[in-house]
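For the sequence shown, the working numbering assigns the number 41 to the initial residue and increments by one for each residue that follows.
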Amino acid sequence: METYLVIGRTIVKALLPRGSPVAVFDLVQRDFDEKVQYFSTDPIALGDAIKKSGATILFQTASPHYDAPVAVNYKVSVDDTKTLLEVASANGFIPVAQISFSTLGMPETSTNGFPFRKNSLSSYNKTKGITEELVLEANGKNGLLTVATRPSGIYGPQD
């Protein structure tokens, strides 16, 4: 049975019905089911959260709002992902699934292996692209397994 550690929020609702243990690593504790284990964000604490939760898969879904300041986009998307990959690799090679953004490949087809557009105007898209590259480049290094997905769109409350 898999045990999930989620950095972010909304995907927890989809994982709970599977019956597998779910833990969340986030800035603040949200309104989750009592079955969800909570860990406060801190790079040092991430390694502890991986160990204490018994996580076998790590989902990185955290993202600033689309129009957040450039510094916030880089901190959350790029810097925090670098830390996450280092910690995941150091803690038993836990697989990492990162949620990317479909417009990285638009207007062209956005398929596996399709590079993201470097000329994107928004810092949100640029940092999502950098993050995706970091995650994919980490795949296979020191036994780490990673994947980045580009959902066609995630809109709505808590997206």
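Cβ atoms here follow ideal geometry from the backbone N, Cα and C, with glycine treated the same way.
Remember, predicted model here, so these are calculated numbers, not experimental data.
From the options, residue whose alpha carbon lies closest to that of residue i
i, options, result
"L185", "I170, K168, L124, P191", "L124"
"E74", "E172, K166, V52, A95", "V52"
"G183", "K168, P61, V127", "V127"
"L56", "D66, T167, V76, I139", "V76"
"A111", "I90, V187, K166", "K166"
"E172", "P109, A54, A188", "A188"
Cβ-Cβ distance between residue i and residue j below 9 Å
i, j, result
"H103", "L45", "Note on residue identity: the sequence assigns Ser, not His, to residue 103. Contact flag unset, no."
"F79", "V68", "no"
"T50", "T96", "no"
"L40", "V136", "Nothing in the structure corresponds to residue 40, since the chain is present only between 41 and 199."
"L86", "K122", "no"
"I170", "S117", "yes"
"N131", "K181", "no"
Extent of the continuous beta strand (DSSP E) run through residue i
i, result
"D66", "62 to 66"
Residues near residue i by beta carbon distance below 6 Å, same chain, minus five either side
i, result
"Y164", "Y106, N113"
"G48", "T101, A102"
Residues near residue i in its chain [Cβ-Cβ closer than 7 Å; skip 5 each side]
i, result
"T43", "S60, P61, S93, G94, A95, T96"
Runs of beta strand (DSSP E) wholly within the region 64 to 129 (minimum 3 residues, chain order):
Taking only runs of at least 3 residues, the beta strand (DSSP E) segments lying wholly in the region 64 to 129 are 77 to 80, 97 to 100.
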